[in-house]
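Note sheet for the following structure.
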Amino acid sequence: MPEKSHDFGGDWTTEKLERVAKYLKAYATIMKEKAFPFAYIDAFAGTGYRTLRRSDEAEQLMFPELSEAESQQFLDGSARKALQVQPRFYKYLFIEKDEQRFRALQKLRTEFPEVAGDIILVNAEANSYLQDMCDNRNWKKHRAVLFLDPYGMEVEWQTIEAIARTQAIDLWLLFPLGIAVNRLLKRDSNIGTAVRNALNRLFGAEDWYETFYETTTRISLFGPETHRHKVSDFDTIAEYMIKRLRTVFPGVAQNPLPLLNSRNNPLYLLCFAAGNPKGATTAVKIAQDILKR
Ligand SMILES: C[S@@+](CC[C@H](N)C(=O)[O-])C[C@H]1O[C@@H](n2cnc3c(N)ncnc32)[C@H](O)[C@@H]1O
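Under the working numbering, the first residue of the sequence shown carries the number 3, and numbering increases by one thereafter.
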């Protein structure tokens, strides 16, 4: 059991990880027959483990026969899940900014000795590392699946553009739909400069403002008065993000999956985009199947 694991998420976390792992298996099975070495890249890798939140544990304590094993067990995080996928990947690249979590990741080499030599660990900020990796290496003869699993709005649009430019990387992206974006889009359209800039960085565009807010003009006693109000909801925000991904990737899954909390509110949106123009149709078909509710 790890000394320090990583405490987050409930059922939606399991759902997210299972779906990505399913794609990894399908991807590795197909790519094994092709000429390219292929890697798994996890840019928000965490510790390798996750545990259930206390509230989830409490719920499970109502069913002691289930909870004994479950709530006290350390569950696999994305890194450990990827390392278990068969057929195996040629290389595994795990990026983690937090030093303590990064130290925990190093144990993966002892836990997976059969692939230890092919595990690359990087203690870095994901955006700058990925932008450099995508733009300054030759991707012609390499392929990868990349998982971006941030807590919030950490992924910059510039990073997504750099990933797409490689034409070699398939992307699974956790988009912070409810946890951040919908909350920041205030009903009265009063959005401060810092938030506006953060949303610009996330979307790589500024037209989200016109898309998510409508202007109406009313004639009052004092002449025409202009009002702006929010017309966006979870669906329109999701559609906008998918449209943005389509501007840079040759294929994007049309049915991104909202990951819901226990009150059925979307926290995140699990999105898929295919990087290689030749493989995009097949990749998107597989991902869309995996994303079905
Ligand atoms: C939601 S957790 C990832 C969980 C992991 N994918 C799993 O399934 O176990 C997000 C991780 O990203 C790390 N992180 C946050 N911002 C980062 C950044 N800018 N660059 C790299 N890592 C970052 C955090 O320290 C945290 O471990």
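Heads up, the beta-carbon is just placed ideally off N, CA and C, and yes, glycines get one too.
Can the beta-carbon of residue i be found less than 9 Å from the beta-carbon of residue j?
{"i": "L179", "j": "V197", "result": "no"}
{"i": "L176", "j": "L271", "result": "yes"}
{"i": "F91", "j": "A81", "result": "no"}
{"i": "H144", "j": "P39", "result": "yes"}
{"i": "A282", "j": "P252", "result": "yes"}
{"i": "L26", "j": "V147", "result": "yes"}
{"i": "I165", "j": "G48", "result": "no"}
{"i": "D78", "j": "Y51", "result": "yes"}
{"i": "Q108", "j": "L132", "result": "no"}
{"i": "C136", "j": "T112", "result": "no"}
{"i": "N129", "j": "E158", "result": "yes"}
So residue i is in the alpha helix (DSSP H); what residue range does that whole segment cover?
{"i": "D237", "result": "236–248"}
{"i": "K287", "result": "282–293"}
{"i": "I165", "result": "159–167"}
{"i": "E212", "result": "210–214"}
{"i": "Y94", "result": "Careful: Y94 lies outside any alpha helix (DSSP H), inside the beta strand (DSSP E) at 93–97."}
{"i": "Y153", "result": "Element bounds for Y153: n/a, residue is neither H nor E."}
{"i": "F205", "result": "195–205"}
{"i": "L132", "result": "128–137"}
Does DSSP put residue i in a helix, a strand or coil?
{"i": "L107", "result": "helix"}
{"i": "A275", "result": "strand"}
{"i": "A41", "result": "strand"}
{"i": "E101", "result": "helix"}
{"i": "V254", "result": "strand"}
{"i": "R189", "result": "coil"}
{"i": "L179", "result": "helix"}
{"i": "H144", "result": "coil"}
{"i": "P89", "result": "coil"}
{"i": "T49", "result": "coil"}
Grab me the residues of residue i's own chain with a C-beta within less than 6 Å of its C-beta, minus the 5 sequence neighbours each way, in chain order.
{"i": "L301", "result": "Residue 301 is absent from the model: the chain starts at 3 and stops at 295."}
{"i": "A255", "result": "F274, V286, A289, Q290, L293"}
Who are the near neighbours of residue i in its chain, counting only those whose CB is closer than 7 Å to its CB and skipping five residues on each side?
{"i": "D120", "result": "Y92, K93, Y94"}
{"i": "K34", "result": "P89"}
Output needed for residue i: all residues of its chain with C-beta closer than 8 Å, excluding positions within five of it in sequence on either side, in chain order.
{"i": "K24", "result": "I292"}
From what residue to what residue does the beta strand (DSSP E) around residue i run?
{"i": "A28", "result": "Element bounds for A28: not the beta strand (DSSP E) but the alpha helix (DSSP H), 13–33."}
{"i": "L259", "result": "259–262"}
{"i": "R82", "result": "Not the beta strand (DSSP E): R82 falls in the alpha helix (DSSP H), residues 80–86."}
{"i": "V124", "result": "121–124"}
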